[in-house]
Amino acid sequence: MLDGADVFLDTSVLLYAALSKQDAPASFEKARQIILEENFATSSLILTEFFDIATNRGAVPLRKQAAADWIEKLALKPCQTVDSGLVKEGVALSAELEIPLRDALLILSARRLSCSKIYTERLYGLRLPDLEIINPFK
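Every position in the sequence shown, counted from 1, becomes a number in the working numbering once 63 is added.
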């Protein structure tokens with residue numbers, strides 16, 4: 064198990080920080096504050112999603128080099144690799160909690176990194192004994 068972070072960040076937090084100054088200024092400021100102040104972690108899945116979405120969507124997508132620069136900085140933080148073993152665990156958790164596999168991988172990654180919180184806009188209403196799920200934009 065990897066250690067070193069308190070909060071696991073979902074893709075939306077990173078996207079707000081990188082893309083949303085004009086579209087969602089309050090979310091942009093909150094996301095930037097989280098990235099600057101929180102001891103956070105991500106996963107290989109989150110970094111992949113960030114790059115793909117940041118360079119292909121939004122009013123003004125990031126250039127690939129700008130997105131790559133973000134990845135370089137984010138990769139300095141704890142990052143859980145999503146391998147076949149984690150995917151198998153995710154399939155089981157997905158069935159158990161009746162959630163998408165992607166969300167199960169988010170939960171499992173946070174657990175492997177010993178995070179106590181997940182910042183996400185997803186998973187509304189889900190209660191877990193070991194993780195606090197927070198929408199930082201509400």
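Every residue, glycine too, gets a C-beta built ideally from N, C-alpha and C.
- Rounded to whole angstroms, the Cβ separation of V70 and A94 is 12 Å, and the two are not in contact under 8 Å.
- In the assembly as shown, S179 is an exposed residue. Its beta-carbon has fewer than 16 other beta-carbons within 10 Å.
- Ranked by how close their Cα comes to the Cα of T105, the residues D86, T74, S90, P192 have T74 in first place.
- Residue burial annotation: D166 is buried, with at least 16 other C-beta atoms found within 10 angstroms of its C-beta.
- Remark: three or more beta-carbon pairs, one from each stretch, lie closer than 8 Å, so the stretch 140–149 and the stretch 158–172 are flagged as touching.
- Within its own chain, the residues whose Cβ lies closer than 7 Å to the Cβ of E152, once the five positions on either side in sequence are excluded, are L171, listed in chain order.
- The Cβ atoms of L78 and F113 sit closer than 8 Å to each other.
- Listed in chain order, the non-local C-beta contacts of T118 below 6 Å within the same chain comprise P124, L125, K127, A130, local neighbours out to five positions each way being set aside.
- Residue range 107–119 is occupied by the alpha helix (DSSP H) that includes T111.
- Looking at the DSSP output, Y182 bridges to L72, I197.
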